[in-house]
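In this note's numbering, the protein residues as written are 96 to 514. The beta-carbon is built from N, C-alpha and C at its ideal position, and this holds for glycine as well.
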């Protein structure tokens with residue numbers, strides 16, 4: 096009784112909002128949501144979901160907190176940046192202080208074709224907080240294959256766009272964007288246009304509102320539109336979302352679409368508009384610390400092993416077998432590649448120090464170092480590395496070969512020189 100009274104007090108204003116009510120609040124409490132990306136959009140989306148009472152939040156991000164994030168990424172502070180905490184870890188810690196009722200699952204990982212299916216295996220809705228087209232298209236493929244609603248969102252400069260895509264009702268993101276392959280589309284990014292916080296919050300609010308409608312069973316209230324907004328000049332435009340494209344293998348009218356529709360019907364959090372919003376109470380949810388050894392979900396199981404190769408927008412293959420691909424990340428003159436996961440952070444610390452690098456951050460999740468020439472190298476525990484400040488991909492590969500390849504060990508006793 097006491098817990099029920101506390102729940103009533105916590106969500107009293109939201110319950111008084113007639114479209115949600117007590118039954119809608121219970122639906123939120125049993126809902127499971129995946130937020131991909133914990134940057135500007137993702138951090139705001141995660142906060143909206145937890146504060147609204149979503150029972151389980153799965154948060155995935157590949158990056159760490161930097162000072163340049165703080166003007167728009169509202170969950171983080173200077174202490175997070177000073178410690179170079181992974182965004183998923185820092186966000187989860189803050190969200191657990193917001194609500195000890197929510198089960199927060201935090202993963203420091205790059206979402207790719209080998210783990211995306213597992214991450215979305217048991218969720219009711221996916222929120223897009225990513226910063227690149229390739230990951231968004233991948234999420235669309237997975238969501239339409241599983242019949243999971245996807246709330247797309249993107250921001251650059253003062254402008255943003257968003258749409259809730261429902262498998263079986265709307266076309267997939269590939270058809271909507273006209274993108275068969277990621278990259279090379281010349282689309283503006285926060286790297287080229289910058290970004291302002293009000294634009295981020297406007298888009299996140301629109302995404303979160305559609306998510307709450309879907310999760311509480313208010314399907315008739317969904318916009319069903321592709322919406323763009325400009326926070327600086329204040330302009331809003333909407334277009335009706337197209338239906339599935341018959342020839343598309345993802346959203347077309349074939350067996351895959353029928354399977355997606357059947358799967359969609361299983362998600363109790365996404366009910367038909369005519370469904371009765373009165374019903375029984377649901378079970379309690381609990382917080383969870385995912386730092387333990389035994390994975391408790393398919394997603395944890397998939398991410399507990401070696402991380403797979405990154406597949407994002409711009410890639411450049413390396414001749415060295417240790418670096419499968421070099422990936423250009425959005426917004427920060429940053430390149431990502433995969434190293435051998437068998438090498439520990441402690442061993443990397445030793446190698447980089449012997450190569451003349453200055454260690455600037457060192458925690459259980461990552462190691463950050465400055466090279467002799469002034470670039471930054473960030474190595475994550477799962478074997479993923481970021482090279483920042485290289486400017487060009489070829490320069491990033493040179494840094495990799497000099498500091499991170501097997502040659503580094505053979506040169507450990509030699510003085511570090513420019514190249």
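Specify the secondary structure class of residue i as computed by DSSP and reduced to three states.
i	result
residue 251	strand
residue 333	strand
residue 463	strand
residue 156	strand
residue 479	strand
residue 115	coil
residue 104	helix
residue 443	helix
residue 325	strand
residue 431	strand
residue 261	coil
residue 110	helix
residue 97	helix
residue 127	strand
residue 201	strand
residue 318	coil
Provide the residue span of the alpha helix (DSSP H) that contains residue i, from first to last.
i	result
residue 185	182 to 193
residue 61	Absent from the structure is residue 61, since the part of the chain shown begins at 96 and ends at 514.
residue 174	173 to 178
residue 269	268 to 272
Roughly how many angstroms lie between the CA atoms of residue i and residue j, to the nearest whole one?
i	j	result
residue 391	residue 153	Low confidence applies here, because residue 391 scores a pLDDT of 48, under 50, leaving its location unreliable; read the following figure in that light. C-alpha separation (whole angstroms): 13 Å.
residue 133	residue 303	14 Å
residue 164	residue 428	14 Å
residue 331	residue 111	29 Å
residue 485	residue 291	25 Å
residue 470	residue 263	48 Å
residue 236	residue 97	44 Å
residue 257	residue 448	45 Å
residue 546	residue 295	In the structure as shown, the chain starts at 96 and stops at 514, and residue 546 therefore has no counterpart that could be examined.
residue 450	residue 495	12 Å
residue 341	residue 461	46 Å
residue 480	residue 493	14 Å
residue 421	residue 488	8 Å
residue 156	residue 182	6 Å
residue 456	residue 474	10 Å
residue 476	residue 324	39 Å
residue 100	residue 441	49 Å
residue 108	residue 322	28 Å
Assuming residue i contacts residue j under a Cβ cut-off of 8 Å, what Cβ separation, rounded to an integer in Å, is found between them?
i	j	result
residue 222	residue 130	5 Å
residue 252	residue 136	That belief does not hold up - the Cβ atoms of residue 252 and residue 136 are roughly 14 Å apart, past 8 Å.
residue 232	residue 247	Residue 232 to residue 247, Cβ: 10 Å. No contact.
residue 219	residue 147	Going by Cβ atoms, the distance from residue 219 to residue 147 rounds to 14 Å, so no, they are not a contact pair.
residue 195	residue 185	17 Å between Cβ atoms; not a contact.
residue 458	residue 161	At roughly 14 Å, the Cβ-Cβ gap does not stay under 8 Å, so residue 458 and residue 161 are not in contact.
residue 149	residue 197	7 Å
residue 269	residue 210	That pair is no contact at about 20 Å.
Looking at the unbroken beta strand (DSSP E) that takes in residue i, where does it start and where does it end?
i	result
residue 456	453 to 457
residue 422	421 to 424
residue 311	Per DSSP, residue 311 belongs to no beta strand (DSSP E) and is neither H nor E.
residue 223	220 to 223
residue 494	No beta strand (DSSP E) holds residue 494; the alpha helix (DSSP H) holding it covers 488 to 494.
Practice task
Tell me, please, whether the segment 112 to 123 touches the segment 200 to 213 by the rule of three or more beta-carbon pairs shorter than 8 Å.
Solution key: no
Exercise for the section: Say whether the segment 168 to 176 touches the segment 437 to 454, bearing in mind that this needs 3 or more beta-carbon pairs closer than 8 Å, one atom from each stretch. Expected result: no
Exercise for the section: Report yes or no: do three or more beta-carbon pairs, one from the segment 183 to 194 and one from the segment 230 to 243, lie closer than 8 Å? Expected result: no
Exercise for the section: Mind the definition here: the segment 332 to 340 touches the segment 304 to 320 only if three or more C-beta pairs lie below 8 Å; say whether that holds. Expected result: yes
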